[in-house]
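Take a look at the structure set out below.
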Amino acid sequence: MVNLRRDKPRGVLHSGDVTPEMVHARYWPSPDLVPFVEHYWTVEWDLDAPLRRETLPHPVVHIVLENGEATLTGPSTRRFVTTLAGKGRVFGIKFHPGGFRPFLGGPVSAYADRTVALGEIFRQDAADLVRRALARDAHAETIAVLEAFLRERDPRIDATAVSMAAIAKRMADDREITRIEQIVREFGIGLRTLQRQFRDYVGVHPKWAIQRYRLHEALARIDDGTMHDWATLASDLRYADQAHLIRDFKKLVGLTPAEYARAAPRAAPADTAARR
Numbered sequence: 078m079v080n081l082r083r084d085k086p087r088g089v090l091h092s093g094d095v096t097p098e099m100v101h102a103r104y105w106p107s108p109d110l111v112p113f114v115e116h117y118w119t120v121e122w123d124l125d126a127p128l129r130r131e132t133l134p135h136p137v138v139h140i141v142l143e144n145g146e147a148t149l150t151g152p153s154t155r156r157f158v159t160t161l162a163g164k165g166r167v168f169g170i171k172f173h174p175g176g177f178r179p180f181l182g183g184p185v186s187a188y189a190d191r192t193v194a195l196g197e198i199f200r201q202d203a204a205d206l207v208r209r210a211l212a213r214d215a216h217a218e219t220i221a222v223l224e225a226f227l228r229e230r231d232p233r234i235d236a237t238a239v240s241m242a243a244i245a246k247r248m249a250d251d252r253e254i255t256r257i258e259q260i261v262r263e264f265g266i267g268l269r270t271l272q273r274q275f276r277d278y279v280g281v282h283p284k285w286a287i288q289r290y291r292l293h294e295a296l297a298r299i300d301d302g303t304m305h306d307w308a309t310l311a312s313d314l315r316y317a318d319q320a321h322l323i324r325d326f327k328k329l330v331g332l333t334p335a336e337y338a339r340a341a342p343r344a345a346p347a348d349t350a351a352r353r
């Protein structure tokens, strides 16, 4: 029994657009894997013409199964861009920030901005995972294979991983969090310790994560059609001024907020490319 995740994902450019040629779904993990896995996701498509998809980066790790191969994608600092064509299917595991560290046994920062074959980490077991998981058409059956694979790795709940996930969630949920010093005070953790543990477990610098989450919020407000006043948006997100918001938004998205708001819709299901 799997439970569908119905809340709207964040960070997908033009996430309100949909196309009937694509099927997308996200599923919650089983209770014992909740400390590690945020959700499972899948996209299936049958397109007459190629479709470009873009997603803002998240400070997370993904395991992705596609075309008979399994890869691990570390936390990315860049916008993810892909073009889907023809007919295809992809299935993925999105881990919590810090949630993959118990499986890895080493710093997640070693995989920042990298995609590697899953076999580099889990050896021959990775090839067997792809064969068994993608042989199933039913999503529940594929998820059962993925969860069995994760359980076989015998991950242990790691207090530091739990702490880093809680910190990342705080950064994502509270727009009042604009400086890492606020996290230091709230969580009672030393600045150097926070920086070291966040890079070790999450894979990026905590300041970077705060900045990215603010841009996720900016994107969401533009997509829902309620925000066209960039000075107000900059103030709401605690930017020093409108110019700083526009500069950061364009650097990551490739367009200014106004250009993005005016851009022609690009049909896509939410979270199609959310493997970053």
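If you count the sequence shown from 1, you need to add 77 to reach our numbering. Glycine residues also receive a C-beta, built at the ideal position from the N, C-alpha and C atoms. None of these values were measured; they are calculated from a predicted model.
Measuring CA to CA, which of the options is closest to residue i?
i, options, result
"R213", "P174, E143, H321 and E98", "E143"
"L110", "D318, E131, A217 and P232", "P232"
"M99", "Q274, A162 and L332", "A162"
"T119", "A204, R200, H216 and Y316", "H216"
"R155", "K171, L133, I140 and L211", "L133"
"Y104", "P136, I170 and G151", "I170"
"A102", "P112, P108 and D84", "D84"
"G151", "T255, L223, L181 and Y188", "Y188"
"P179", "P108, V114 and R256", "V114"
"G129", "E146, I299, R256 and L90", "What sits at residue 129 in the sequence shown is Arg, not Gly. Closest option to R129, Cα to Cα, is L90."
"V141", "I254, I220 and R269", "I220"
"L227", "R273, Y117 and E294", "Y117"
"G331", "V158, F172 and Q272", "V158"
"M78", "E218, R247 and F275", "E218"
"G165", "E121, G182, L181 and D301", "E121"
"D301", "R87, A225 and V222", "R87"
"E258", "F275, K284 and L329", "K284"
Tell me which residue opens and which closes the beta strand (DSSP E) that residue i is part of.
i, result
"Y117", "V114 to D123"
"L161", "F157 to L161"
"A189", "Counting along the chain, A189 falls outside any beta strand (DSSP E), and DSSP gives it neither H nor E."
On the DSSP letters alone, give me the boundaries of the alpha helix (DSSP H) that residue i sits inside.
i, result
"I254", "Taken as a continuous stretch (DSSP letters only), I254 belongs to no alpha helix (DSSP H), as it is neither H nor E."
"I299", "P283 to D300"
"F226", "H216 to E229"
"Y104", "Not the alpha helix (DSSP H): Y104 falls in the beta strand (DSSP E), residues M99 to Y104."
"V330", "Q319 to V330"
"R166", "Taken as a continuous stretch (DSSP letters only), R166 belongs to no alpha helix (DSSP H), being part of the beta strand (DSSP E) at K164 to F172."
"D235", "Taken as a continuous stretch (DSSP letters only), D235 belongs to no alpha helix (DSSP H), as it is neither H nor E."
"T270", "L268 to Y278"
"A204", "Q201 to L211"
"L314", "No alpha helix (DSSP H) holds L314; DSSP gives it neither H nor E."
"P184", "First-last for P184: undefined, no H or E at that position."
"A338", "P334 to R339"
Residue i and residue j: beta carbons closer than 8 Å?
i, j, result
"D322", "A311", "Note that residue 322 is Leu in the sequence shown here, rather than Asp. Cβ atoms of L322 and A311: closer than 8 Å."
"P174", "M241", "yes"
"Q319", "A308", "yes"
"L149", "V138", "yes"
"R291", "R230", "no"
"D325", "Q288", "yes"
"A147", "A203", "yes"
"T255", "R315", "yes"
"L211", "G145", "yes"
"P136", "I234", "no"
"A338", "H293", "no"
*Do the stretch 120–133 and the stretch 260–272 meet, that is, are 3 or more Cβ pairs less than 8 Å apart?*
no
_Stretch pair the stretch 276–287 + the stretch 239–257: three plus CB contacts closer than 8 Å_ = yes
_Residue ranges of each beta strand (DSSP E) within the stretch 121–146, 3 or longer_ = 128–132 and 139–143
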